[in-house]
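**Student:**
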Amino acid sequence: MTLTHCLLLASFLFCVGVYGLLTRRQAVAVLLSLELMMNAANLAFASFAHFKGGPGQVFVIFALAITVAEVAIGLALVMLLYRRYDDTALDRASEAKG
Amino acid sequence: MNALFVLAALVTAFAAVLVVAGKNLVRAVMALALALLGTAVVYALLDASFLAGVQVLTYVGGVVTLMIFGVMVTRRHEGANAPAERVHGFRGLVIAAGLFALLAWAVMESDLDRGAPPIFAPETTRSLARSLLDEHLIAFEVVSLLLLAAILGAVVLARRRDGRDAGSELLAAATREAVESQTQGEPVEAAGSARGGAAR
Amino acid sequence: MSAWLHLFTLELAVVAIALLVLLWDAFAPAAGRAVGWTTALLLGGVFAASFFVDGRGTVPHGVFVRDEWVVFHERLFLAAGILGVLGSIDWLATRTPKRQAEYYALLLFSLAGMMLLAGARDWILLVTCFELMSMPLYVLCAYGKQDGPASEPKLAAEAGLKLFITGAASSGLTLFGLALVVGMTGTTHVGGIGANPAPLTIVGMLFVLAGFGFKVGAVPFHMWVPDTYQGAPTPFVAFLSVAPKAAGLATLAIVLLGGWSADSSVWLPVLLVLAGASMVVGNLFALPQTDARRLLGFSGVAQIGYALLALGAMSRGGLAMTLFFVATYVFTNLGVFFVLHAAAEEGGGHSLARIAGLSRRSPWLGGALLVFLLSLAGIPFVAGFWAKLFVFMEAWNAGLVGLVVLGVALAVIGLYYYLTVARSTYMADGDRTTPVPTGFALRAAILVCLIFVVGLGLWPRPLVEAADRAAAGIVSGR
Chain A
1 MTLTHCLLLA
11 SFLFCVGVYG
21 LLTRRQAVAV
31 LLSLELMMNA
41 ANLAFASFAH
51 FKGGPGQVFV
61 IFALAITVAE
71 VAIGLALVML
81 LYRRYDDTAL
91 DRASEAKG
Chain B
1001 MNALFVLAAL
1011 VTAFAAVLVV
1021 AGKNLVRAVM
1031 ALALALLGTA
1041 VVYALLDASF
1051 LAGVQVLTYV
1061 GGVVTLMIFG
1071 VMVTRRHEGA
1081 NAPAERVHGF
1091 RGLVIAAGLF
1101 ALLAWAVMES
1111 DLDRGAPPIF
1121 APETTRSLAR
1131 SLLDEHLIAF
1141 EVVSLLLLAA
1151 ILGAVVLARR
1161 RDGRDAGSEL
1171 LAAATREAVE
1181 SQTQGEPVEA
1191 AGSARGGAAR
Chain C
2001 MSAWLHLFTL
2011 ELAVVAIALL
2021 VLLWDAFAPA
2031 AGRAVGWTTA
2041 LLLGGVFAAS
2051 FFVDGRGTVP
2061 HGVFVRDEWV
2071 VFHERLFLAA
2081 GILGVLGSID
2091 WLATRTPKRQ
2101 AEYYALLLFS
2111 LAGMMLLAGA
2121 RDWILLVTCF
2131 ELMSMPLYVL
2141 CAYGKQDGPA
2151 SEPKLAAEAG
2161 LKLFITGAAS
2171 SGLTLFGLAL
2181 VVGMTGTTHV
2191 GGIGANPAPL
2201 TIVGMLFVLA
2211 GFGFKVGAVP
2221 FHMWVPDTYQ
2231 GAPTPFVAFL
2241 SVAPKAAGLA
2251 TLAIVLLGGW
2261 SADSSVWLPV
2271 LLVLAGASMV
2281 VGNLFALPQT
2291 DARRLLGFSG
2301 VAQIGYALLA
2311 LGAMSRGGLA
2321 MTLFFVATYV
2331 FTNLGVFFVL
2341 HAAAEEGGGH
2351 SLARIAGLSR
2361 RSPWLGGALL
2371 VFLLSLAGIP
2381 FVAGFWAKLF
2391 VFMEAWNAGL
2401 VGLVVLGVAL
2411 AVIGLYYYLT
2421 VARSTYMADG
2431 DRTTPVPTGF
2441 ALRAAILVCL
2451 IFVVGLGLWP
2461 RPLVEAADRA
2471 AAGIVSGR
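Residue numbers (my numbering), protein chains in the order written: chain A, 1 to 98; chain B, 1001 to 1200; chain C, 2001 to 2478.
The structure is reproduced here in structure tokens:
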């Protein structure tokens, strides 16, 4: 277990999240992908903190708080969209085109 | 320890792929929970026991539960086996793979594992708390404002204009699910009555 | 108490107003315009107080610095906040009378985030302030028009979700980049990277830059801008289109010119490409638009390009002119959106045909719109002219000749579509002839914007000098 291994894992998680963000069209699935990206960033912070020292873990705590707030707002928005469209697929939610 | 890391890493990576590749949203949420748990194990191996605990409590305990609620509330006619709608699949794959190649190259090239072990004392939960309430006190206060704003915002969004709140809606959705699963024969009628009952 | 609490007087006052508004609504709900006017007047008081409260200094550990740079931004954000509240009063009181307090409280939270952001010199504080600014915006964006035409609530919800997904994704990008940068440098202080950054550090810096590029809506991260502008409620879009952009540019200045100035070989080419692409795409895509708000969205992308160009000059003068440009843009764009809002409020949407013949129906509104459009286009002698001129001069002095020539050419194209809009308000015949009904608060907001745009056009010197003093807080030297 080295820093390289940990960062490769974090990078992989991040890119899987990016893939989900770009390809999924159900709003909840997009939220899940965002969680993966945030989780990858946190893993990278913690890895650096372990192998190189420095303030990584404090940053993770703040990132966790931010993520939780984002989940709350995100799910509320998804529910709002669902109520107004009766569907949460982002494709249907595209009356704005131009 | 190394074997445990390899196991945790493989499980986490596999679960992450399941999150974006799965056909079923509930299973995707469960896969996310698994990925987050795997990350918690890695945290523990990285001497970040506090983070591992927080990860399990807030993420696996809180966020995943919220997500499940989100799926349940917004799943009325998609059914359990809704097709995983996907657009630009190839483009997304190319971008994600390119990004990973870039990151992997940078990680490999940066010569990370050579050199002295950490200069700083390792962060303990005690030192974590110190820096949280000393150096980062202002950010700590800002986060409290942020959470207040998020709560306020979520309430504003989820409250219906007719005064029904999100709680009753969740309850109605849960009731609906329960009724639907129990009365397989006549789900439509039963769900309709459950919904009607909650609206009153 | 601590010796540094007085540095946060204005921010604490803004938060206190937000809590006051919430408590007022909880214990004595008022349906009229009282909440809005109270908020606006109290904010005005804070703005006035900013000229008397002059705590300057640094918080222990150097995580927050209050200097001329912060003072300039506090006043700018407060002005935008006051105008944003004024412009929303009539709309909220008629459309969602029961949910006014939450709107103002969220707007004030966002405002407090912006004001704190300007002084943050620590990555953790910077990121949390940025989120405090962004989070309420996602909610306000989806703020329902409960009894509007059927498509409006849908569009607003969609706009909110789009803004949220873009914002959250860019937060993720920024956080991952920061993990790499902070991990490699070992400190959360926004500061130098050190000589010969490792590839991983460079990748991290680019991620951070891309994340903030999303937030300011620079090409190629701009796709959310027109969609959000079209879907969200117009008085809020007026605020969204100026204040967060100014805050995003301030963050870029703090990070790039303040922290990473020694590593400009990494980020400067990227920044200049973003600037050029934003100018080209923004101006060209604005041409065929038929919805006024989409047109202004793309025009906003183009204007961000000009501001990034001045940032790319990497000098104190360039940064000062970025500030001047942004300040004039704040008043001008607020004014345009308020006039559009007034013209569209009778129902019928924001298509360009909607404002045809506006100047015959309400000469006052039509004249104001003309002044704002001239300022956006950069015609002498309104504020926007000096802004564009100074930006191009600074970029030229910094040797960015190619981009300046490109920018001037594109500004001519910009002239065309801004004047097309202006022409239709004067020449074309609309389908109505009655004057446009506007509320008193909205009229006041438009008037204030008008005074600033014309005043700064005739007498730009005070703002230029203030911007120059502010820029000294980030870039020392000339």
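No residue lacks a Cβ here, since even glycine has one placed at the ideal position from N, Cα and C.
#1: Out of curiosity, what's the CA-to-CA distance linking C:Phe2324 and B:Thr1125?
#2: Measuring straight from C-alpha to C-alpha, what distance separates A:Leu31 and C:Thr2166?
#3: Between A:Ala29 and chain C, is any beta-carbon pair separated by less than 8 Å?
#4: Taking the alpha helix (DSSP H) that C:Trp2267 belongs to, which residues open and close that run?
#5: Excluding five sequence neighbours on each side, which residues of the same chain lie with their C-beta closer than 6 Å to the C-beta of A:Cys6?
#6: For C:Val2065, which beta-bridge partners are listed by DSSP?
#7: Let's see if you can read the secondary structure: which residues bound the alpha helix (DSSP H) around A:His50?
#8: Name, please, each residue of chain C whose Cβ falls closer than 8 Å to the Cβ of A:Phe59.
#9: Measure the Cβ-Cβ separation of C:Arg2361 and C:Pro2435 and say whether it is below 8 Å.
#10: Quick one: list the residues of chain B neighbouring C:Phe2298, beta-carbon separation under 7 Å, in chain order.
#11: How far does the alpha helix (DSSP H) with C:Ile2193 in it extend, from its first residue to its last?
#12: Distance check for C:Val2014 and C:Leu2111, CA to CA, integer angstroms please.
#13: Closest to C:Val2412 by C-alpha separation, out of C:Val2035, C:Ala2377, C:Leu2458 and C:Gly2172, would be which residue?
#14: Measure from the C-beta of C:Val2015 to each C-beta in chain A and report whether the shortest distance is under 8 Å.
#15: Measuring CB atoms only, is the stretch 2441-2454 of chain C touching the stretch 2357-2376 of chain C, in the sense that at least three cross pairs come out at less than 8 Å?
#16: Could one say the Cβ of B:Gly1092 lies closer than 8 Å to chain C's Cβ atoms, at least one of them?
#17: Under a Cβ-count criterion, where at least 16 other Cβ atoms within 10 Å of its own Cβ denotes burial, should B:Asp1162 be classed as buried or exposed?
#18: Among residues of its own chain, excluding the 5 on either side of C:Met2279, which ones have a beta-carbon nearer than 6 Å to its beta-carbon?
#19: From C:Ala2198, C:Ser2261 and C:Val2326, pick the residue whose C-alpha is nearest to that of C:Val2464; which is it?
#20: Please determine, among C:Leu2117, C:Phe2109, C:Leu2295 and C:Pro2269, the residue with the shortest C-alpha to C-alpha distance to B:Arg1153.
#21: Between the stretch 1135-1164 of chain B and chain C, which residues of the former have CB atoms less than 7 Å from a CB of the latter, in chain order?
#22: In terms of alpha-carbon separation, which member of C:Gly2191, C:Leu2175, C:Arg2099 and C:Gly2084 lies closest to C:Gly2032?
#23: Which same chain residues end up closer than 6 Å to B:Leu1034 when comparing Cβ atoms and leaving out the 5 residues on each side of it in sequence?
#24: C:Ser2351 by DSSP, collapsed to three states: which one?
#25: Decide if B:Gly1079 is buried, meaning its Cβ has at least 16 other Cβ atoms within 10 Å, or exposed.
#26: Step through the CB atoms of chain C and report whether any lies within less than 8 Å of the CB of B:Val1107.
#27: Once DSSP output is grouped into helix, strand and coil, what is the label at C:Arg2033?
#28: Nearest chain E C-beta to C:Glu2394 closer than 8 Å, yes or no?
#29: Which residue wins for smallest C-alpha separation from C:Val2070, given the options C:Met2114, C:Gly2318 and C:Ala2048?
#30: Would C:Ser2359 be called buried (16 or more neighbouring beta carbons within 10 Å of its own) or exposed?
#31: Are the stretch 2043-2060 of chain C and the stretch 2235-2248 of chain C touching, with three or more C-beta to C-beta distances below 8 Å?
#32: Can you find a C-beta in chain C that's less than 8 Å from the C-beta of A:Phe12?
#33: Where C:Leu2389 and C:Leu2365 are concerned, what is the direct C-alpha to C-alpha distance, given to the nearest angstrom?
#34: What residue range does the alpha helix (DSSP H) around C:His2341 cover?
#35: Between the alpha carbons of C:Ala2016 and C:Asp2122, how many angstroms are there, rounded?
#36: State buried or exposed for B:Val1006, treating a residue as buried only when at least 16 other CB atoms are found within 10 Å of its CB.
**Tutor:** Let's see:
#1: Numbered from its first residue, the third sequence carries residue 2324 of chain C at position 324. Numbered from its first residue, the second sequence carries residue 1125 of chain B at position 125. Cα to Cα, C:Phe2324 sits roughly 46 Å from B:Thr1125.
#2: For this step, residue 31 of chain A is matched to residue 31 along the first sequence. For this step, residue 2166 of chain C is matched to residue 166 along the third sequence. Taking the straight line joining both Cα atoms gives about 11 Å.
#3: Position 29 of the first sequence, counted from the first residue, corresponds to residue 29 of chain A. By this cut-off, A:Ala29 is not an interface position.
#4: In the third sequence, residue 2267 of chain C corresponds to position 267, counting from 1. C:Trp2267 -> alpha helix (DSSP H) spans Ser2264 to Ala2286.
#5: Along the first sequence, read from residue 1 onward, the residue named residue 6 of chain A stands at position 6. If the five residues before and after A:Cys6 are omitted, its C-beta is found closer than 6 Å to the C-beta atoms of Ser47, all from its own chain and listed in chain order.
#6: Position 65 of the third sequence holds residue 2065 of chain C. C:Val2065 is bridged by DSSP to C:Thr2058.
#7: The residue you call residue 50 of chain A lines up with position 50 of the first sequence. Here the alpha helix (DSSP H) through A:His50 covers Ala27 to Lys52.
#8: For this step, residue 59 of chain A is matched to residue 59 along the first sequence. Contact annotation for A:Phe59 against chain C: Trp2123, Ile2124, Leu2178, Ala2179, Val2182 and Thr2188 [CB-CB distance below 8 Å, chain order].
#9: Taking the first residue of the third sequence as position 1, residue 2361 of chain C is located at position 361. Taking the first residue of the third sequence as position 1, residue 2435 of chain C is located at position 435. Less than 8 Å separates the beta-carbon of C:Arg2361 from that of C:Pro2435.
#10: Against the third sequence, residue 2298 of chain C aligns to sequence position 298. Neighbourhood of C:Phe2298 in chain B, by CB distance below 7 Å: empty, with the nearest CB roughly 23 Å away.
#11: By one-based count along the third sequence, residue 2193 of chain C stands at place 193. Where C:Ile2193 is concerned, there is no enclosing alpha helix (DSSP H), given that its DSSP letter is neither H nor E.
#12: Taking the third sequence and counting its residues from 1, one reaches residue 2111 of chain C at position 111. Taking the third sequence and counting its residues from 1, one reaches residue 2014 of chain C at position 14. C:Val2014 has its alpha-carbon roughly 8 Å from the corresponding atom of C:Leu2111.
#13: Mapped onto the third sequence, residue 2412 of chain C falls at position 412. When C:Val2035, C:Ala2377, C:Leu2458 and C:Gly2172 are compared, the shortest CA-CA separation from C:Val2412 is found for C:Ala2377.
#14: For the purposes of this step, residue 2015 of chain C is identified with residue 15 of the third sequence, where counting begins at 1. No, C:Val2015 does not count as interfacial toward chain A.
#15: In short, these stretches touch, since the Cβ pair count reaches three.
#16: The count along the second sequence starts at 1 and reaches residue 1092 of chain B at position 92. Closer than 8 Å: no.
#17: Your numbering for residue 1162 of chain B matches position 162 in the second sequence. Since pLDDT at B:Asp1162 reaches only 49, below the 50 mark, its modelled position is unreliable, and no value is offered.
#18: Position 279 of the third sequence, counting from 1, holds the residue named residue 2279 of chain C. If we look at C:Met2279 and ignore the five residues flanking it on each side, its Cβ neighbours are Ala2302, Gly2305, Gly2407 and Leu2410.
#19: Position 464 of the third sequence, counting from 1, holds the residue named residue 2464 of chain C. Nearest C-alpha to C:Val2464 among C:Ala2198, C:Ser2261 and C:Val2326: C:Val2326.
#20: For the purposes of this step, residue 1153 of chain B is taken as residue 153 along the second sequence, with counting starting at 1. Arg is not the amino acid found at residue 1153 of chain B; the sequence shown has Gly there. Minimum Cα distance to B:Gly1153 is reached at C:Phe2109.
#21: Correct list: Glu1135, His1136, Ile1138, Ala1139, Val1142, Val1143, Leu1145, Leu1146, Ala1149, Ala1150, Leu1152, Gly1153, Val1156, Leu1157 and Arg1161.
#22: Position 32 of the third sequence, counted from the first residue, corresponds to residue 2032 of chain C. The residue with the shortest Cα to Cα distance from C:Gly2032 is C:Arg2099.
#23: Taking the first residue of the second sequence as 1, we reach residue 1034 of chain B at position 34. Hits under 6 Å: Ala1015.
#24: Translated into positions along the third sequence, residue 2351 of chain C becomes position 351. The three-state secondary structure of C:Ser2351, taken from DSSP, is strand.
#25: Start at 1 with the first residue of the second sequence, and residue 1079 of chain B comes out as number 79. Confidence at B:Gly1079 is low in this model, with a pLDDT of 47, below 50, so its placement is unreliable and the value that follows should be read with caution. Counting the other Cβ atoms within 10 Å of the Cβ of B:Gly1079 gives fewer than 16, which makes it exposed.
#26: Position 107 of the second sequence, counted from the start, is the residue given in the question as residue 1107 of chain B. Chain C, which has a Cβ nearer than 8 Å to the Cβ of B:Val1107, makes this yes.
#27: Translated into the one-based positions of the third sequence, residue 2033 of chain C becomes position 33. Per DSSP, reduced to three states, the secondary structure at C:Arg2033 is coil, with no helix or strand assignment.
#28: Annotation note: the requested chain E is absent from the structure, which comprises protein chains A, B and C.
#29: By 1-based counting over the third sequence, the position of residue 2070 of chain C is 70. Nearest C-alpha to C:Val2070 among C:Met2114, C:Gly2318 and C:Ala2048: C:Met2114.
#30: The sequence position of residue 2359 of chain C within the third sequence is 359, counting from 1. Buried, because 16 or more other Cβ atoms sit within 10 Å of the Cβ of C:Ser2359.
#31: Output reads no: the stretch 2235-2248 of chain C does not touch the stretch 2043-2060 of chain C.
#32: In the first sequence, residue 12 of chain A corresponds to position 12, counting from 1. No, because no Cβ of chain C sits closer than 8 Å to the Cβ of A:Phe12.
#33: Residue mapping note: residue 2389 of chain C aligns to position 389 of the third sequence, counting from 1. Residue mapping note: residue 2365 of chain C aligns to position 365 of the third sequence, counting from 1. Straight across, the Cα-Cα distance linking C:Leu2389 with C:Leu2365 is about 27 Å.
#34: Translated into positions along the third sequence, residue 2341 of chain C becomes position 341. Counting along the chain, the alpha helix (DSSP H) containing C:His2341 begins and ends at Arg2316 to Ala2344.
#35: For this step, residue 2016 of chain C is matched to residue 16 along the third sequence. For this step, residue 2122 of chain C is matched to residue 122 along the third sequence. Each residue's alpha carbon lies about 25 Å from the other.
#36: Locating residue 1006 of chain B in the second sequence gives position 6, counting from the first residue. Its Cβ having fewer than 16 others within 10 Å, B:Val1006 is exposed.
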